[in-house]
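Colleague:
Numbering (our numbering), first residue to last: 772 to 924.
(1) If residue 867 and residue 843 are in contact, beta carbons under 8 Å, what's the gap, nearest whole angstrom?
(2) Is residue 894 helix, strand or coil by DSSP?
(3) By Cβ distance below 8 Å, which residues in the same chain neighbour residue 785 in space, the five residues on each side in sequence not counted?
(4) Using the three-state DSSP reduction, which class does residue 804 fall into: helix, strand or coil?
(5) Are the beta-carbon atoms belonging to residue 888 and residue 911 less than 8 Å from one another?
(6) Does the beta-carbon distance from residue 807 to residue 794 come in below 8 Å?
(7) What does a CB cutoff of less than 7 Å around residue 791 pick up in its chain, not counting 5 residues either side in sequence?
(8) Using C-beta distances below 8 Å, list every residue in its chain close to residue 875, excluding the 5 sequence neighbours before and after it, in chain order.
(9) Can you tell me whether residue 915 is helix, strand or coil according to DSSP?
(10) First and last residue of the beta strand (DSSP E) that includes residue 921?
(11) Quick check on residue 838: does DSSP put it in helix, strand or coil?
(12) Mind checking residue 908: buried by the 16 CB within 10 Å criterion, or exposed?
(13) Could you give the first and the last residue of the continuous alpha helix (DSSP H) run that contains residue 811?
(14) If I'm right that residue 848 touches residue 836 with Cβ under 8 Å, what's the distance once you round it to whole angstroms?
(15) Mind checking residue 828: buried by the 16 CB within 10 Å criterion, or exposed?
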């Protein structure tokens with residue numbers, strides 16, 4: 772379908788697939804190892820897999836609350852406090868998402884008003900620009916420039 776006949780709204784038409792989809796397609800086409808995104812070659816810790824199987828078999832497979840399961844949010848807050856010394860209220864300051872792209876979109880959509888300007892430091896994660904456009908905001912790109920052995924704005 773052409774861009775003019777596309778069902779995608781105009782503000783998102785400049786965005787095609789993600790860089791991850793592009794790299795996956797190229798890796799498959801050339802039988803290459805895909806280093807474009809995280810593709811673990813192991814299943815995870817055995818105990819974690821056992822707990823997951825137990826939970827699924829026990830019927831604990833429904834949608835969680837929108838902000839995430841309370842015990843998980845509490846565990847995340849405890850981890851941040853232990854590792855980084857940062858304290859967060861799990862009830863109001865912790866949000867569980869399925870990944871970085873969803874988290875970025877939720878943050879931008881929740882904090883940016885239509886018509887606002889959002890400054891993005893280049894290079895930036897590819898989903899930032901689409902999330903800014905989806906929010907009806909204007910992207911202002913600021914390149915990161917090499918200055919000797921460091922980078923400056």
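Cβ atoms here follow ideal geometry from the backbone N, Cα and C, with glycine treated the same way.
Modeller: So, to answer that:
(1) 6 Å
(2) coil
(3) 904
(4) coil
(5) yes
(6) yes
(7) 807, 808
(8) 896, 898, 899, 902
(9) The answer is coil: DSSP assigns residue 915 none of H, G, I, E or B.
(10) 921-923
(11) coil
(12) The residue in question, residue 908, is buried, as its Cβ has 16 or more Cβ neighbours within 10 Å.
(13) Counting along the chain, residue 811 falls outside any alpha helix (DSSP H), and DSSP gives it neither H nor E.
(14) With 8 Å as the limit, residue 848 and residue 836 do not qualify as a contact, their Cβ atoms being about 16 Å apart.
(15) Residue 828 comes out exposed.
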